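The sequence shown begins at 1 in this note's numbering and counts up by one.
Glycine is no exception: its CB is placed at the ideal position from the N, C-alpha and C atoms.
Remember, it's a predicted structure, so these values are computed and weren't measured experimentally.
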Amino acid sequence: MRALPRRAVLAAPAAVLMFALVACGGSDSGSDSKAADTQQAQSAGGAEAAGEAGGDTDDKKEPPLTGDVKQKAEAAALAAYPGTVVKSEEDAEKPGMYAVEVKQSDGTSIEVYLDKSFKVSDTKKEGTEEAEAEDAG
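Shown next as structure tokens:
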């Protein structure tokens, strides 16, 4: 058996390396591929953000009430609709309004909407999970 010449043994790995570089787009494509990866990551993140922004309008962030405003809004809501306050927040759907959710003694919840002077301007009744479960069962 005849041994391969030393040049052939050294040329084989070089040929494989050159083939790999050509297949990947050349030796200077490292910076291009990093840029492409960054663009892909940004577009994927943008799609996720668009999906979140395109979601339900009911999922708007409503900041919770604090301090004096919270106390006055909850007191006004409880004076009109006795029960237990579940949450109180600024109403994102109706800017300039406060929303206080009150759980009443019969198990139902009512969303009480108040204006900036803490007067009840609107309400929205909702059944609680227990009442819905009883109706279903």
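| Item | Value |
| --- | --- |
| Mapping DSSP to helix, strand and coil, what is Lys-119? | coil |
| Taking the straight line between their C-alpha atoms, what separation do you get for Lys-125 and Asp-68? | 26 Å |
| Classify Ala-74 as helix, strand or coil using the three-state DSSP reduction. | Note that residue 74 is Glu in the sequence shown, not Ala. It is helical. |
| Do you know offhand how far Ser-105's Cα is from Gln-71's? | 21 Å |
| Look at the alpha carbon of Val-85 and the alpha carbon of Thr-108, and state the distance between them as a whole number of angstroms. | 12 Å |
| How many Å lie between Ala-20 and Pro-64 at the Cα? | 59 Å |
| Check this for me: beta carbons of Lys-87 and Glu-101, under 8 Å apart or not? | yes |
| Where does the unbroken beta strand (DSSP E) through Glu-89 begin, and where does it stop? | 84-90 |
| Work out the CA separation of Lys-61 and Lys-139 for me, nearest whole Å. | Only positions 1 to 137 of the chain appear in this structure, which leaves residue 139 out of reach. |
| Who are Lys-103's beta bridge partners in DSSP? | Thr-84, Ser-109 |
| Alpha carbons only, please: which of Glu-89, Val-112, Ser-117, Ala-92 is nearest the one belonging to Pro-82? | Val-112 |
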